[in-house]
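Residue numbers (the numbering used here), protein chains in the order written: chain A, 1 to 280; chain B, 1001 to 1259.
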Amino acid sequence: MLATAFAAVVLVVLHWEGYKWVGQQTGDRVPGTDIELLVDTDDLTMPHAKDILGEFVVDVRDGRSTLPMSLYLLKKAWFTLQEAAIGFFLGLVVGLALAVLMLRWRVVERGLLPWINVSQTVPLIALAPIIVTWGRLNDLPDLLSISLIAAYLTFFPVAVSALRGLQSPNAADVELMRSYAASWRTTLFKLRLPAARAYLFPAFKIAATLSVVGAIVGEISIGTKTGLGRAILEFAQRYAVFPERLYASVIGAAALGLSVFGLITLAERMFVGRTREAST
Amino acid sequence: MNGDAVVVTEVEKVFGRGSAEEVTALSGVDLTIAPGEFVTLIGPSGCGKSTFLRLIGDLLEPTAGSVEVFGKSAHQARMDQDYGMVFQHAGLFDWRKVVANIELPLELRGWSKADRAARSREMLDLVKLPDFGGHYPRQLSGGMQQRVAIARALSFEPRLLLMDEPFGALDEMTREHMQGELLRIWSETDTTVVFVTHSISESAFLSNRVVVLSPRPGRIHSIVEVDLGERNEDTREDPRFFEASTEVREALRAVEDGS
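Here's what the structure looks like:
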């Protein structure tokens, strides 16, 4: 697992450097032709991989103090992670609640499902300032406003997958519960929710990475003072001088997304393992 | 009344009433089943035998007529949890181990953990799977899964067992073995059984009475009385078993001919 991840990183670096080397030899043209390469290979557009990696140990300014880029990114990521985590759980609760409501009343499903789909076509960038303005008018800290923005992304996969999962038991299983005179609620907890588990965890994984995306987009669009989004925005403005820094911060954001994905995978293993024991 | 297990009176069932796809599944059905009786429902596909079973089990409501079970409405009997049900597919919950599947109806009735464990142990012995309690359903063969489903249905000693082609998905040998097992379990308990099948030999071997249904709309064509007494594997070669099978077959042919 770790070995394949390492091999993948090495492969990406090799491709990056290989492409850059070819471009440098041919003057940014596809070898043997006059066709221009899609992306130029100069050091501003594509810094050397070793320069990007080296950037992680270079000191950068954070307010009045200076600290290595890696620690700087870690500090910013911690802030973003909090927003993402709150957004994730908020989206999870809202998504599950919507799924249960839609399961209970077909009318709700018919009325709500189209709107849930439409909700995801609204550009987040447009929505973010509205949410933040509301939040500030109601004395909500920006951190919570950003969590709301993240939740707006995360509730969607949870709601849709949970509904599919809750509806997954076949007619015979539902008839069996009916023959036991089981109430709707008992059927939900003994049959539908356990059956939905296989659908829920993949949705949680998508939601977790989306929560990071939502938090970063939220930070960028409202201009917070800290967080990974803020760091990315700052480095983007100074791209002409320090292109490696923007690449490093993007790698940091990807690493954060990967970590939350890993965390959910871990939770899945623990949760599935535990329920297996509990059912003896 | 007077202690009958099931009394079906003038029952009619129409699906999609008033729509273009209106189908009369059952019409003018009367049937009385005595306590402890084993009755099979047989007929060509589309004759409404599964619908009939679901009406008795209150999984469907009749359009007209009434279904009484142990002197109560079918609905009340379901609320009192008088039914055990077994379907063609075992329908075990794959996230529950075999014991937990058997204990599901007991759990819903609020039995204590110790009582549940004791009963599921008994049930596993009854269906001859004493060592498989800790397995997951997917680790068992189709026949074993169906035996677990029967154990689950019998665990709370239902007064009425409703079975919808429970052995339909099994191979011939397993099927015959399961039939023997079912009769053994039936004679050890005082359960009334209503059993849907499309197998002639199965109906003749298992039941006290075979109810032959005709299709479109589903009606009771005739009832064949069977008396094979104590049954075992030799019964399958008994002339009386052939006679009963022949009688059922002829009734089914008459149904096909529309007479």
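Beta carbons are placed, not taken as given, at the ideal position from N, Cα and C, and that holds for glycine.
If only complete runs of 4 or more residues are kept, the region 11–76 of chain A shows the alpha helix (DSSP H) at 49–55, in order along the chain. Taking the C-beta atoms as reference points, Ile206 (chain A) is found nearer than 8 angstroms to Pro157 (chain A). For Val217 (chain A), the uninterrupted alpha helix (DSSP H) segment begins and ends at Leu193 to Ile222. Straight-line measurement puts the Cα of Ser161 (chain A) at about 22 angstroms from the Cα of Ser259 (chain A). In terms of Cα proximity to Met177 (chain A), the closest of B:Val1086, B:Ala1005 and B:Val1007 is B:Val1086. Taking 8 angstroms as the CB threshold, Leu1106 (chain B) stays off the interface with chain A. For the region 1069–1088 of chain B, the beta-carbon criterion of a distance under 7 angstroms to any beta-carbon of chain A is satisfied by Arg1078, Met1079, Gln1081, Tyr1083, Met1085 and Phe1087. Approximately 14 angstroms separates the beta-carbon atoms of Thr1192 (chain B) and Ala1074 (chain B); this is outside 8 angstroms, ruling out the contact. Straight-line spacing of the CA atoms in Glu1181 (chain B) and Phe1156 (chain B) works out to 18 angstroms. Note that the region 1235–1252 of chain B touches the region 1041–1051 of chain B; at least 3 beta-carbon pairs, one per stretch, sit closer than 8 angstroms. CA-CA distance, Val118 (chain A) to Phe1015 (chain B), rounds to 36 angstroms. Proximity of Trp1111 (chain B) to chain A, defined by a Cβ-Cβ separation below 8 angstroms, is not satisfied.
Per DSSP, Ala162 (chain A) is one residue of the alpha helix (DSSP H) stretching across Asp142 to Leu166. One finds nothing in chain A with a Cβ atom closer than 8 angstroms to the Cβ of Gly1142 (chain B); even the nearest lies about 15 angstroms away. Closest in C-alpha terms to Arg197 (chain A), from the list A:Arg230, A:Gly262, A:Val13 and A:Leu96, comes A:Leu96.
Contact annotation, Asn1208 (chain B) with Phe1038 (chain B): C-beta distance approximately 5 angstroms; criterion of less than 8 angstroms satisfied.
Interface residue (Cβ-Cβ distance to chain A less than 8 angstroms): Phe1195 (chain B) is not classified as such. When Cβ-Cβ separations below 8 angstroms define contact, Leu1053 (chain B) makes no contact with chain A.
Taking 8 angstroms as the CB threshold, Leu1129 (chain B) stays off the interface with chain A. The region 1058–1069 of chain B makes contact with the region 1012–1029 of chain B, as at least three CB pairs between them are under 8 angstroms. Residue ranges of uninterrupted beta strand (DSSP E) with 3 or more members, entirely inside the region 1059–1147 of chain B and ordered along the chain, are 1064–1069 and 1083–1086.
Annotation for His1221 (chain B): Gly1043, Val1212, Leu1213, Ser1214, Ala1251, Ala1254 and Val1255 place their beta carbon closer than 8 angstroms to its own, counting only its chain and skipping 5 residues before and after. For the region 1053–1067 of chain B, residues whose beta-carbon sits nearer than 9 angstroms to a beta-carbon of chain A comprise Arg1054, Gly1057, Asp1058 and Leu1059. Per DSSP, Arg1209 (chain B) is not a residue of any alpha helix (DSSP H); the beta strand (DSSP E) it occupies stretches across Arg1209 to Ser1214. By the neighbour-count criterion, in which 16 or more other beta carbons inside 10 Å mark a residue as buried, Ser249 (chain A) falls on the buried side. Within the region 1026–1054 of chain B, not one residue has a Cβ closer than 7 angstroms to any Cβ of chain A. Ile146 (chain A) and Arg64 (chain A) have their C-alpha atoms some 26 angstroms from each other. By the CB criterion at 8 angstroms, Met102 (chain A) and Leu90 (chain A) fall outside the cutoff. Under DSSP, the beta-bridge partners assigned to Met1163 (chain B) are B:Val1086 and B:Phe1195. Taking 8 angstroms as the threshold, the shortest C-beta distance from Phe1093 (chain B) to chain A falls below it. With a beta-carbon spacing of about 5 angstroms, Phe88 (chain A) and Thr154 (chain A) fall inside the 8 angstroms limit used to define contacts.
For Arg136 (chain A), none of the residues of chain B pass the 8 angstroms Cβ criterion, the least Cβ distance being about 46 angstroms.
Its chain contains Asp43, Leu44, Thr45 and Pro47 as the residues whose beta carbon lies nearer than 8 angstroms to that of Pro243 (chain A), once the 5 sequence neighbours on both sides are disregarded; these appear in chain order. Contact with chain B is found for Glu175 (chain A), since one of that chain's Cβ atoms lies less than 8 angstroms from the residue's Cβ.
Around the Cβ of Arg1240 (chain B), a 10 Å sphere holds fewer than 16 other Cβ atoms; the residue is exposed. Between Leu127 (chain A) and the set A:Ala150, A:Val107 and A:Leu71, the nearest pair of CA atoms involves A:Ala150.
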